[in-house]
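Going by the working numbering, the first residue of the first sequence is number 944, and it counts up by one from there. We treat Cβ as the ideally placed atom computed from N, Cα and C, and that holds for glycine. None of the values given here were measured: they were computed from a predicted structure. In what follows, a structure is listed as structure tokens, so that the remarks can point back to it.
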Amino acid sequence: MAEQTTTGAGDTGATGYDPQKVEAKWQNRWAEARVFETEADPSKPKYYVLEMLPYPSGTMHMGHMRNYAIGDVVARVKRMRGFNVLHPMGWDAFGLPAENAAIKNNTHPRVWTNNNIAQFQRVLRRFGFSYDWRREISTCEPEYYRWNQWFFLRMLEKGLAYRKNSRVNWCPKCCTVLANEQVVNGGFCWRHEDTRVEAREIEQWFLKTTAYSDQLLDDLKQLEGGWPERVILMQQNWIGKSQGAKVKFGVADAAGAGPIEIFTTRIDTIYGATAIILAPAHPLLAKLLAGSSARADAEPKLAKMRQTSVKTEDLATLEKEGFFTGRYAINPFNEQRIPIWVGNFVLMEYGTGAIMAVPAHDARDLEFCRKYKLPVRVVIQPLEGEELIAEKMTEPFDEHTQGKLVNSGPFNGLSPVEAIAKMAAFAEQKGFGQAETIYRLRDWGISRQRYWGTPIPVIYCPKDGMVAVPDKDLPVLLPPNPKLTGEGESPLAGTAEFVNTTCPKCGGAARRETDTMDTFVDSSWYFYRYCDPHNDKAPFESAKVAYWFESAGAGPAGIDQYIGGITHAILHLLYSRFWCKVMRDLGLVRHDEPIARLFTQGMVQKGGVAMSKSRGNVVGAEEMAQKYGADTGRLYTLFAAPPEKDLEWSEESIEGSWRFLNRVYRLIERHASAVRGLKDANVGAAAASLKEKTLLRKVHQTLRRVTSDFETRWHFNSAIALIMEVTNDIYAQEPLEQGVRPEVRKEVLELLTLMLAPMTPHLAEELWEMMGHTEGLWKTGWPAFNQELAREDEVEIVVQVGGRVRGRVKVTAGAGEEEVVKLALADAGVAHHADGKRIVKKVFVRDKLLNLVVAG
RNA sequence: GCGGGAGUGGCGGAACUGGCAGACGCGCAAGACUUAGGAUCUUGUGGCCGAAAGGCCGUGGGGGUUCGAGUCCCUCCUUCCGCACCA
944 MAEQTTTGAG
954 DTGATGYDPQ
964 KVEAKWQNRW
974 AEARVFETEA
984 DPSKPKYYVL
994 EMLPYPSGTM
1004 HMGHMRNYAI
1014 GDVVARVKRM
1024 RGFNVLHPMG
1034 WDAFGLPAEN
1044 AAIKNNTHPR
1054 VWTNNNIAQF
1064 QRVLRRFGFS
1074 YDWRREISTC
1084 EPEYYRWNQW
1094 FFLRMLEKGL
1104 AYRKNSRVNW
1114 CPKCCTVLAN
1124 EQVVNGGFCW
1134 RHEDTRVEAR
1144 EIEQWFLKTT
1154 AYSDQLLDDL
1164 KQLEGGWPER
1174 VILMQQNWIG
1184 KSQGAKVKFG
1194 VADAAGAGPI
1204 EIFTTRIDTI
1214 YGATAIILAP
1224 AHPLLAKLLA
1234 GSSARADAEP
1244 KLAKMRQTSV
1254 KTEDLATLEK
1264 EGFFTGRYAI
1274 NPFNEQRIPI
1284 WVGNFVLMEY
1294 GTGAIMAVPA
1304 HDARDLEFCR
1314 KYKLPVRVVI
1324 QPLEGEELIA
1334 EKMTEPFDEH
1344 TQGKLVNSGP
1354 FNGLSPVEAI
1364 AKMAAFAEQK
1374 GFGQAETIYR
1384 LRDWGISRQR
1394 YWGTPIPVIY
1404 CPKDGMVAVP
1414 DKDLPVLLPP
1424 NPKLTGEGES
1434 PLAGTAEFVN
1444 TTCPKCGGAA
1454 RRETDTMDTF
1464 VDSSWYFYRY
1474 CDPHNDKAPF
1484 ESAKVAYWFE
1494 SAGAGPAGID
1504 QYIGGITHAI
1514 LHLLYSRFWC
1524 KVMRDLGLVR
1534 HDEPIARLFT
1544 QGMVQKGGVA
1554 MSKSRGNVVG
1564 AEEMAQKYGA
1574 DTGRLYTLFA
1584 APPEKDLEWS
1594 EESIEGSWRF
1604 LNRVYRLIER
1614 HASAVRGLKD
1624 ANVGAAAASL
1634 KEKTLLRKVH
1644 QTLRRVTSDF
1654 ETRWHFNSAI
1664 ALIMEVTNDI
1674 YAQEPLEQGV
1684 RPEVRKEVLE
1694 LLTLMLAPMT
1704 PHLAEELWEM
1714 MGHTEGLWKT
1724 GWPAFNQELA
1734 REDEVEIVVQ
1744 VGGRVRGRVK
1754 VTAGAGEEEV
1764 VKLALADAGV
1774 AHHADGKRIV
1784 KKVFVRDKLL
1794 NLVVAG
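Structure, rendered in structure tokens:
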């Protein structure tokens, strides 16, 4: 950066534009005038625009910046449009990196976090984003996390928070649970790369997201149009509703074991079942194996299966393996004995942990049965094509939309769809099964054996058992000086002054819960807290939330525009939706969905990969502001790519944005004195010269298109292109002194400035002031374009012969077909191709095109 | 395997409901101004043929609909992302 002397903002030679000075000046003015501070005001339509809150770690780079630049354009446009805009910012301040950094640097997570927050905040202020900083929140502060605890207690009361054993990744060296992301190289600990992660059962806290499975799925309909389709689809898949049936198979010869319940979506194929396959962790397995001849062989195989990592990607590539238990199940439909196997691919967590294998009609079952030489039985024959022969099948016939049942007793001849309904009803009538819907969605495990998170407000008393911390004792504070080693159990468990407490019920000695909450809890409801950030009686006042979320603004209830990366398409957004529904059922809010409109912006990349500290490819936002100024940085991130697409950072291209802003500055600087003394331009002023007409027409046409690009299409890049174009056109009319009256110059230059204002607000304010305004631009509304001035009175019509462009003719706007055809035929290029040929058809599009279709 | 995007000059990208492909910017080239230019301004810049006028080709490949297709339909290819032994 030091050798950078002659380009960029360091060069003051050719222009008076000094972004450092201009930006500091206007940031101060805005702060003094409290321009961005908002209060709920029912007399004005509201607009809530929000960017996902950052995790303050590392350096703030242009990837972050792009997110906020997009949000800020929206906030500023809406403000200019007269909306009461809520645009807050805060910090996702709890989390593992803080804890690890603290261990490494021998400091406290709070110190590390607050340093980062200070730095992030400085950079955001440097970019002039229009936040109401009075509403800033930091999730690691007790004033915030006490409400996490409060919500947890409400969920505990409603049975939505509970404890159960669950299977987790366990590192025997760390003696702690690892998140899936911390399992590396196909099953090893990230901190001990020679140590294989084990699957373990430990007690954890869960939130019952599954209680809302149907609502989370059904309410996605409310989001159609407001959310990207792919996010809706991803959530749909994640919830994974599956309609099928459960059927109980009796067990032959094994005293006390059974029945085994299986789940299937294809009960119509049940006569083709040739085995039952259990998950290795199936609870009936022990009883089945007891006394079985297969027991000795089974033990080592089971041990191997159980030890395998629970990381899902690994499961997918795992070789299918299984073994016979030595036992048989009885198919309740036909009393047939089929062997019971164990398969490493059967998941205990999904369905019932047991499946029926129908090799003729399921790919995975066929693979398994061929490998272990289990029989194949065809029970559905296709209506068309060759008859299936079990012995020859190399591919399953898994269509359910066609075919008819065979070898299926009384159900023969039915279509699979009919059979699914009839057989489920039959099973229910006979008492061995029923139709059932299951979900892939699981409850949300929130326990973390970490320090830097919200303590779970629960106490264990030897006498009273688990006792909730009473509301009046909230917040349960994190102890200030924990021993952080990154090893052993939860750091809180090793901090005596935290653990040892008294039971709220009996007053006797008791122990606190030592796990903390997943940090996704923090971000599940933070956007409500912005509405009432300093409330110490409740998470928020419902009336305030009602104004910002529920009063008629730009659309349906919820945040009017939420902006963030696609990476959060599932977890954060699903948890937030869940939280909203819980809050609604607690009577705190009245809406079903927290986010009305979602925009997923692309990432900023360098070298084809997302910017990140570990890759060493970050472009620091602060350096960018120092070199070119915030406005250039903002403009460039908006210009270089459409907001939803990834943007490859180019150090060369940003020069173009810098040059453009200088160009605008010079233009207005040149005419400022001529324009300064004038009253507000008369927008309707008729043009007196061709030059005036050209300029006014162009600028109003541009305004029309920029308005739609900003508001409805979000094409910021093409809006900027249009503004650049109009700037070039103004330059082309220089010297404006000749033939353009000052009031027309004022009109044109002011509109140019106002169009730039949402993107380069500091420069726009400066130019506005240079043109003689004593009141800030922030008080000015978005200009309306003048239809009359924008109108073209002469248009160029493209003339095609046989669909190929052969000429152009200029006509008065609205000219009729006959006139255009006459002119077209007089055009040399057109005549050359059309003369002597018969015109069989004329296609005429008014003011646009004429296509003469010729014969031969 | 399932689901969803994306494919346009040397590069980033425009092209709204089918109607001049390549706007705007970067880069590159030439010129003006200048002691100088990496500042600024002007001009040019998809490919091929041609001195020029002009012509032909051209939006991943192939096919189709249409007076007319980057845009609609079919098909194939490439690539990115999400989920993934989901019963």
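List the endpoints of the continuous beta strand (DSSP E) containing Gln-1279. On the first sequence, position 336 is the one that residue 1279 refers to. Here Gln-1279 belongs to no beta strand (DSSP E), and DSSP marks it neither H nor E.
Mind checking whether Tyr-1505 and Arg-1540 have CB atoms under 8 Å apart? Position 562 of the first sequence, counted from the start, is the residue given in the question as residue 1505. Position 597 of the first sequence, counted from the start, is the residue given in the question as residue 1540. Contact: yes.
Taking all protein chains shown into account, do 16 or more other C-beta atoms lie within 10 angstroms of the C-beta of Met-1409, making it buried, or fewer, making it exposed? Within the first sequence, numbered from 1, the residue matching residue 1409 stands at position 466. Its Cβ having fewer than 16 others within 10 Å, Met-1409 is exposed.
Can you say whether Thr-1082 is buried or exposed, counting buried as having 16 or more other CB atoms within 10 angstroms of its CB? Locating residue 1082 in the first sequence gives position 139, where the first residue counts as 1. Classification of Thr-1082: buried, given that the 10 Å Cβ count is 16 or more.
How should Tyr-1674 be labelled, buried or exposed, when 16 other C-beta atoms within 10 angstroms of its C-beta is the threshold for buried? Within the first sequence, numbered from 1, the residue matching residue 1674 stands at position 731. Result: exposed.
Quick check on this structure: which residue in Pro-1434, Ile-1220, Ser-1519, Val-1016 has the alpha carbon closest to the alpha carbon of Thr-1119? Numbered from 1 along the first sequence, position 176 holds the residue referred to as residue 1119. Out of Pro-1434, Ile-1220, Ser-1519, Val-1016, Pro-1434 has the C-alpha closest to the C-alpha of Thr-1119.
What does the Cβ neighbour count give for Glu-1256, buried or exposed, with the cut at 16 atoms within 10 Å? Residue 1256 sits at position 313 when you count from the first residue of the first sequence. Note that Glu-1256 has pLDDT 47, beneath the 50 cutoff, so the model's placement of it is unreliable and the number below is only indicative. So Glu-1256 counts as exposed.
Give the single residue among Gly-1169, Gln-1158, Asn-1180, Leu-1232 whose Cα lies nearest to the Cα of Gly-1199. For the purposes of this step, residue 1199 is identified with residue 256 of the first sequence, where counting begins at 1. With distances taken between Cα atoms, Gly-1199 lies closest to Leu-1232.
Within the same chain, show all residues whose beta-carbon is closer than 8 Å to that of Ser-1467, passing over the 5 residues directly before and after it, in chain order. Residue numbering aside, residue 1467 sits at position 524 when the first sequence is read from its first letter. Excluding positions up to five away in sequence, the list reads His-1515, Tyr-1518, Ser-1519, Phe-1521, Trp-1522.
Please name the residue in Gln-1062, Gly-1620, Leu-1720, Pro-1537 whose C-alpha comes closest to that of Gly-1563. Residue 1563 sits at position 620 when you count from the first residue of the first sequence. Looking at the Cα atoms, Gln-1062 is the closest of the given residues.
Between the segment 1467-1483 and the segment 1442-1450, are three or more C-beta pairs nearer than 8 Å? no
According to the Cβ coordinates, are Pro-1359 and Thr-1217 closer than 8 Å? Within the first sequence, residue 1359 is the residue found at index 416, counting from 1. Within the first sequence, residue 1217 is the residue found at index 274, counting from 1. No. Outside cutoff.
Opposite Glu-994 in the DSSP bridges: which residues? Here residue 994 refers to the residue found at position 51 when the first sequence is read from its first residue. DSSP lists Ile-1506 as partners of Glu-994.
First and last residue of the uninterrupted beta strand (DSSP E) at Gln-1544: Reading the first sequence from its first residue, position 601 is the one you call residue 1544. Gln-1544 -> beta strand (DSSP E) spans 1541-1544.
Classify Lys-1254 as helix, strand or coil using the three-state DSSP reduction. What you label residue 1254 is simply residue 311 of the first sequence in a count that begins at 1. Here the model assigns Lys-1254 a pLDDT of 46, short of 50, so the residue's position is not dependable, and the following value carries that caveat. Coil, per DSSP.
Jot down the residue ranges of each uninterrupted beta strand (DSSP E) in the segment 1116-1196, minimum 3 residues, whole runs only, in chain order. 1119-1121, 1141-1150, 1185-1195
Considering only DSSP beta bridges, list what Tyr-1105 is partnered with. Looking up residue 1105 in the first sequence gives position 162. For Tyr-1105, which the question treats as bridged, DSSP gives the partners Phe-1149.
If the criterion is Cβ atoms closer than 8 Å, does the pair Ile-1502 and Leu-1166 meet it? Numbered from 1 along the first sequence, position 559 holds the residue referred to as residue 1502. Numbered from 1 along the first sequence, position 223 holds the residue referred to as residue 1166. Against a cut-off of 8 Å, the Cβ pair of Leu-1166 and Ile-1502 comes out as no contact.
Per DSSP, which one or two residues make a beta bridge with Arg-1455? Reading the first sequence from its first residue, position 512 is the one you call residue 1455. DSSP lists Ile-1402 as partners of Arg-1455.
Per DSSP, cross-strand counterpart(s) of Ile-1203: Residue numbering aside, residue 1203 sits at position 260 when the first sequence is read from its first letter. BP columns for Ile-1203 point to Phe-1192.
So Asn-1010 packs on Gln-1544, CB below 8 Å; how close in whole Å? Looking up residue 1010 in the first sequence gives position 67. Looking up residue 1544 in the first sequence gives position 601. Asn-1010 to Gln-1544, Cβ: 6 Å. Contact.
How about the segment 1140-1147 and the segment 1105-1113: do they share at least three Cβ pairs that are nearer than 8 Å? yes
Continuous alpha helix (DSSP H) stretch holding Lys-1006: start and end: The sequence position of residue 1006 within the first sequence is 63, counting from 1. Before going on, a small fix: residue 1006 reads as Gly here, not Lys. Per DSSP, Gly-1006 belongs to the alpha helix (DSSP H) from 1005-1023.
Got a sec, what are the start and stop residues for the beta strand (DSSP E) Gln-1377 sits in? Residue mapping note: residue 1377 aligns to position 434 of the first sequence, counting from 1. Gln-1377 -> beta strand (DSSP E) spans 1376-1381.
Between the CA atoms of Thr-1755 and Val-1797 - distance to the nearest angstrom: Working through the first sequence from its first residue, we reach residue 1797 at position 854. Working through the first sequence from its first residue, we reach residue 1755 at position 812. When rounded, the distance between both Cα atoms is 26 Å.
Would you report the Cα separation of Glu-1693 and Gly-1724, rounded to the nearest angstrom? For the purposes of this step, residue 1693 is taken as the residue at position 750 of the first sequence. For the purposes of this step, residue 1724 is taken as the residue at position 781 of the first sequence. Cα to Cα, the separation comes out at about 12 Å.
Measure from the alpha carbon of His-1776 to the alpha carbon of each residue in Arg-1747, Ser-1351, Arg-1789, Val-1752, then state which is nearest. Counted from its first residue, the first sequence places residue 1776 at position 833. Per the Cα distances, Arg-1747.
Where do the N-terminal and C-terminal ends of the beta strand (DSSP E) with Glu-1566 fall, by residue? Reading the first sequence from its first residue, position 623 is the one you call residue 1566. Taken as a continuous stretch (DSSP letters only), Glu-1566 belongs to no beta strand (DSSP E), being part of the alpha helix (DSSP H) at 1564-1571.
Suppose you measure from the CA of Asp-1305 to the CA of Leu-1529; what does that come to, to the nearest Å? In the first sequence, the residue the question calls residue 1305 occupies position 362. In the first sequence, the residue the question calls residue 1529 occupies position 586. The straight-line gap from Cα to Cα measures roughly 45 Å.
Test item: CB-CB of Ala-1224 and Met-1291 under 8 Å: As a position in the first sequence, residue 1224 is number 281, starting the count at 1. As a position in the first sequence, residue 1291 is number 348, starting the count at 1. Yes, they are a contact pair.
DSSP state of Gly-1750, grouped into three classes? In the first sequence, residue 1750 corresponds to position 807, counting from 1. Here Gly-1750 sits in strand by DSSP.
Same chain, Cβ closer than 8 Å to Phe-1492, neighbours up to 5 away in sequence not counted: Taking the first sequence and counting its residues from 1, the one referred to as residue 1492 is at position 549. Cβ neighbours of Phe-1492 beyond the five flanking positions: Tyr-991, Tyr-1471, Cys-1474, Ala-1500, Gly-1501, Ile-1502, Val-1532, His-1534, Pro-1537.
Just to confirm my understanding: we take His-1007, look at its own chain, exclude 5 residues before and 5 after, and list those with CB closer than 7 Å. What are they? Residue numbering aside, residue 1007 sits at position 64 when the first sequence is read from its first letter. Excluding residues within five positions, the ones whose Cβ falls inside 7 Å are Pro-997, Ala-1564.
Any idea what DSSP makes of Arg-1533, helix, strand or coil? Reading the first sequence from its first residue, position 590 is the one you call residue 1533. DSSP places Arg-1533 in coil when its eight states are reduced to three.
Buried or exposed for Val-1552, please, with buried defined as at least 16 other CB atoms from any protein chain shown within 10 angstroms of its CB. By one-based count along the first sequence, residue 1552 stands at place 609. With fewer than 16 Cβ atoms within 10 Å of its Cβ, Val-1552 is classed as exposed.
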